[in-house]
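Inspection log for the structure reproduced underneath, given as structure tokens.
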Amino acid sequence: MRALNRRLSRELWRLRGQVLAVALVIGSGVAVLVMALSTFEALSETSEAYYERYQFADVFAGAKRVPISVARRIAAISGVQLVQTRIARYATLDVQGFAEPVIGRLTSIPETGQPVLNQLALRSGRWIQPGRHDETIISEPFAEAHALEAGDTFTAIVNGRKRRLTVVGTALSPEFIYALGPGALLPDDKRFGIVWMGREALEAAYDLDNSFNDLAVTLLRDVAPEPVISEIDTLLEPYGGVSAIPRADQLSNWFVRNELSQQQSMSTILPTIFLGVAAFLCYTVLSRLITTERSEIGLLKAFGYSDLVVGWYYAKLVIAISLIGAAIGWILGGYFGRLNTQMYADTFRFPLLIYRPSAEAFLIAGSVSLIATLSGALVAVRRVVKLPPAEAMRPPAPPTYRHGVLARPGLRDWLDQPTRIALRQIGRWPLRAAVTTIGIAASVGLLIMALQWEDAIDYIADKYFFESQHQTLSIGLTEPQSLAAVREMKHLPGVMAAEPWRAVPADLSAGTRRHRGGVIGLARSNRLQPIYDDATDTRIAVPEGGIVLSRYLAEKLGVGVSDYVRVHVLEGRRPEGELRVVAVFETTIAMPAYMDLDALNRWLGERPVAQYVNVLVDASQQAALFSRLKQTPRVSAIMVREGALEAFHDTVGHNILIFIGIFTGFAMALAFGVTYNSARIALSERGRELATLRVLGFTRGEISYVLLGEVAVLIFLALPLGCLIGYWLALVVARTFDSELFRMPLSISPSSYGFGVIVALTATVLSALLVRRRIARLDLIRVLKTRE
Amino acid sequence: MGAGRDQSFSLRGKGITKIYKTGSVTIEALRGVDFELGPGELVVLLGPSGSGKSTLLNILGGLDTPTDGQLIFEDHLLTDAKESELTLFRRQHVGFVFQFYNLIPSLTARENVALVTEIATQPMTPEEALTIVGLDSRMDHFPAQLSGGEQQRVAIARAIAKRPELLLCDEPTGALDSRTGILVLEAIERVNRELGTATAIITHNSGVAAMADRVVSIGDGRITDVVVNESRMPARELSW
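Residue numbers (our numbering), protein chains in the order written: chain A, 1 to 788; chain B, 1001 to 1240.
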């Protein structure tokens, strides 16, 4: 056995090129798996620990003005553990040195210390003091974005009055791991911040003495949130309650969960591809090795080595390759896992970050790779172990070739012999050819999938930020205002156009299907915010009657054009009625439903009002408008389109680049591993043939063509296939992203296909060149002297 | 280039020496061999294994270079030729036949011959070449579907299809029984006679010697004996 072990290590060294190529593919799969699993663990452990330590609530609700006595009735609901009442409002902030108005979410906290629920992780400074109504704690990312420290001040329009507020501390909150401003898609710490103020200060500012407008609740263990939510809704309805939501739908938490599920799907789809290819590579390497060692195997068996010992010898070879691969994958995966987690930690703000990848992640990845490669090798080993020694010692029967279509008269004259050799070789070993093709195609596909992210981002930027939004900014008003007041906005500096709109919360239903969302009322003359159909690239006119639904919403409700949906508005006098679906349109963001603003107002029984105004601004007067808006009392929120777009590119762009970089590396490893292996095996099998051709007077270049021509044909097939796989992978990934908040568009630009193809080609050409160098070292004389 | 202008010899080696060094062991395979091959001549190189005859043939065919000595083909000095020039030499002027045929298994008989005709300057057609060796009826068979003798005849057809000046055969009958071997030698003889190709056959089988114009015996890296046959015995009358 010792002799066999020594042979094993020599064999590994002799085959080091191929061993490394296969190990790289295994390593890539293991790395993705470790990365995904360890990121998943880190993210879920961190958020769980954060939620638990800081008492993150289970149910959230908002209303207009609720007497404090209602809180006791809510606490009495069966299953409710703790109740926290708050005052929460949006307000316009003016931070020195920043031209644009900033939106602040003012949230009340007890002056005496931590609230019972949704506690703050104080990061710097101190808690607010009772009686000091100007003291605030602000969210840490917001403070960092504006370099605000304890002692600094900023101004806010609180309920129409300008107030100077003082920062006394910075904090993070489990409610705002992913802090989104109103109407925003991504966190923008420059333009949105959380401002915690004393309860008394906000009660006084908003005339909410002994009342609240925001509620958070924790539930007893194992209590389902739905019944509690419906009871809370009933209790809050008279006070302008807008449907409560469970933790799962809480915006920040939803984004965290969504990322977790993406990591989970990444940990299944991608490693499967890599390890599947690795299994086949192990099979091909071992098959070839066994063919060359056939007579030695026969000899060993003749000496009395058992099938098991012989089989185990080759299994050990595969285990060794697998372990080398796993080691590469562990190191890379650990590193990328950390990088990935860090990337999340930049977007998701945690006061603590638990990156403690468990041995489990590494063990799972290692075992999966071992199982995959061993199962590939098993097939090859079984075949040789079954041979009786006498037969094994004889050379194998020569492979049989078929004429195929290549012998047809037309092709016969058209194809030269070296090309024919390459094609017959493929026809003789179709499985091997298929594996090479699929392996390279998979690498092209992976790249396209990774690059498609950038395309999707561009797509969203184009459709959402340009085609369906033409306003410079959207202004949110504290209360619905008359359309006359809106028209006045046109007189603000630089405003060229101002268009009103309104959004009301509503339940939409059809049959048994129901969606709690809202309806947006747009003026029929609306131009700045058209209903834009991404699918057809057309604008849909705001209909006089009826409702226009986004596709995802229409599908959720199971309705189409001309069907009726029941709409129950959850605001004002809460009208309820059937509306005909006039059109369905495609959009990637949220699930909007649009109707005519006038019709909506009439339905609500209100005079013509709007709560939002889209304005188009002359760029040269933008600064003047901003400083005016910072002073305007009835403004509660300002959403600057450029700012949102900038945040979108900043946050997503950076992460996508890292992501693409990692995947480019993995995909190259895959293409390289597959091509190198396939060319090396071809060289080992056909060294004799190539030497013969050299003797016949073929140049090195010509025999390189014979050897690499086969690989080239397979690559030629693999590239279009890879584009298809890329499309399919992108589709699968896009589907895993499908959610009510966001759909990943499937939009692959020609340049992504091109880049995918070029990177894979580069990797294959590199590996082919490595193999080509060996052609120069062919021993012409020796091969002629030996029988095959 | 361009030593001898003597056109009576197409290939001439002078003082050819070949020394192999593997580690600390030095093997002198050829020790100053003078060898000439004229147009249309058929020479048999006879000698036991390890005598250096294969080394000589490889050097004559441009597969190997001598450590010392000169090799002149027509008016070219091959001893100093670059690797690419040797490739061109083999491609244009030399046909090889080996003991183990060395056919490309994935190509049919016809295609194996076409392999060479496609890169030669004035080749015959593969069909002509295969007809000369008597295989016109088995042109579309793959090597695995042919007997050993047939495979060797395909190899001969492949070697002569380019109309080479030199046909070098290394133990062409070594892997064949005597009846089949004679068929193969007949094919070589016919090529030599009809095309006038200067031919060298390496063998350790002295029974083959009678078909040659000249028999050169080699032993221990030297030429030990040269016998000129007054008349060549037809290959079909040989026996061993």
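C-beta: ideal position from N, C-alpha, C; glycine also. The structure presented is a predicted model; accordingly, all values stated were derived computationally and were not measured.
| query | result |
| --- | --- |
| S267/A and L37/A look like a contact to me (Cβ under 8 Å); what is the Cβ gap, rounded to whole Å? | 5 Å |
| What are the uninterrupted segments assigned as alpha helix (DSSP H) that are 4 or more residues long and contained completely in the stretch 44 to 114 of chain A, given in chain order? | 69 to 75 |
| Within the 8 Å Cβ cut-off, does F1096/B reach chain A? | yes |
| Since I781/A meets chain B, which of its residues come closer than 9 Å, beta carbon to beta carbon? | S1054, T1055, N1058, L1063 and D1064 |
| Are the beta-carbon atoms of P745/A and Y459/A separated by less than 8 Å? | yes |
| The stretch 1127 to 1144 of chain B: which residues have C-beta closer than 9 Å to a C-beta of chain A, in chain order? | D1140, F1142, P1143 and A1144 |
| Between T437/A and L260/A, is the Cβ-Cβ spacing less than 8 Å? | no |
| Specify, as a first and last residue, the run of the beta strand (DSSP E) that F154/A falls within. | T153 to V158 |
| Run the CB neighbour count on T692/A, radius 10 Å, all protein chains shown included, and call it buried at 16 or more, exposed below. | buried |
| Along the stretch 375 to 404 of chain A, where does the CB come closer than 9 Å to a CB of chain B? Name the residues. | A397, P398, P399, T400, Y401, R402 and H403 |
| Would you say the stretch 1197 to 1210 of chain B touches the stretch 1156 to 1165 of chain B, given that touching needs at least three Cβ pairs under 8 Å? | yes |
| From this set, A442/A, M197/A and G605/A, which residue's C-alpha is nearest W728/A's C-alpha? | A442/A |
| Identify every run of the beta strand (DSSP E) within the stretch 540 to 569 of chain A, keeping only runs that are complete inside it and at least 3 residues long; order them along the chain. | 547 to 550 and 564 to 569 |
| Could you tell me the alpha carbon to alpha carbon distance between T292/A and K1021/B, rounded to whole angstroms? | 28 Å |
| Where does G1221/B sit, in a helix, a strand or coil, going by DSSP? | coil |
| Can you grab the Cα-Cα spacing for the pair A1144/B / P1105/B, in whole Å? | 7 Å |
| By alpha-carbon positions, which one of E576/A, F672/A and F56/A ends up nearest to L215/A? | F56/A |
| Any idea what DSSP makes of V677/A, helix, strand or coil? | In the sequence as presented, Val is not what sits at residue 677/A; that position holds Asn. It is helical. |
| Between which two residues does the alpha helix (DSSP H) carrying V613/A extend? | Counting along the chain, V613/A falls outside any alpha helix (DSSP H), though it belongs to the beta strand (DSSP E) covering V609 to V617. |
| Could you name the residues of chain A that T1087/B contacts, counting a contact when the two beta carbons are closer than 7 Å? | G697 and T699 |
| By alpha-carbon positions, which one of I715/A, V368/A, N159/A and L352/A ends up nearest to V757/A? | I715/A |
| For a contact meaning CB atoms closer than 8 Å, what does T536/A contact in chain B? | In chain order: nothing, as chain B lies at least about 54 Å away. |
| So, using beta-carbon positions, are R516/A and D507/A closer together than 8 Å? | yes |
| Do the stretch 56 to 70 of chain A and the stretch 306 to 318 of chain A touch if we need at least three Cβ pairs shorter than 8 Å? | no |
| On the DSSP letters alone, give me the boundaries of the beta strand (DSSP E) that Q471/A sits inside. | No beta strand (DSSP E) contains Q471/A, which DSSP labels as neither H nor E. |
| Cα separation between S627/A and V30/A? | 55 Å |
| Determine the chain B residues that contact R428/A at a beta-carbon separation under 8 Å, and present them in chain order. | S1106 |
| Based on Cα-Cα distance, which residue from R1214/B, R1222/B and E1230/B lies nearest to P1039/B? | R1214/B |
| By the criterion of Cβ-Cβ separation under 7 Å, what are the contact partners of I421/A in chain B? | I1104, S1106 and L1107 |
| Under 8 Å between the Cβ atoms of A760/A and A682/A? | no |
| Under 8 Å, do L1057/B and L1045/B count as touching if we go by C-beta distance? | yes |
| Give me the chain A residues within the contact set of L1115/B, using Cβ-Cβ distance strictly less than 8 Å, ordered along the chain. | Q417, P418, L693 and L696 |
| Pick helix, strand or coil for L1167/B, following the three-state DSSP scheme. | strand |
| Residues of chain A with a CB under 7 Å from the CB of R1091/B: which are they? | G697 |
| Which same chain residues end up closer than 6 Å to R1222/B when comparing Cβ atoms and leaving out the 5 residues on each side of it in sequence? | R1031 |
| Answer yes or no: does any C-beta atom of chain A fall closer than 8 Å to that of S1049/B? | no |
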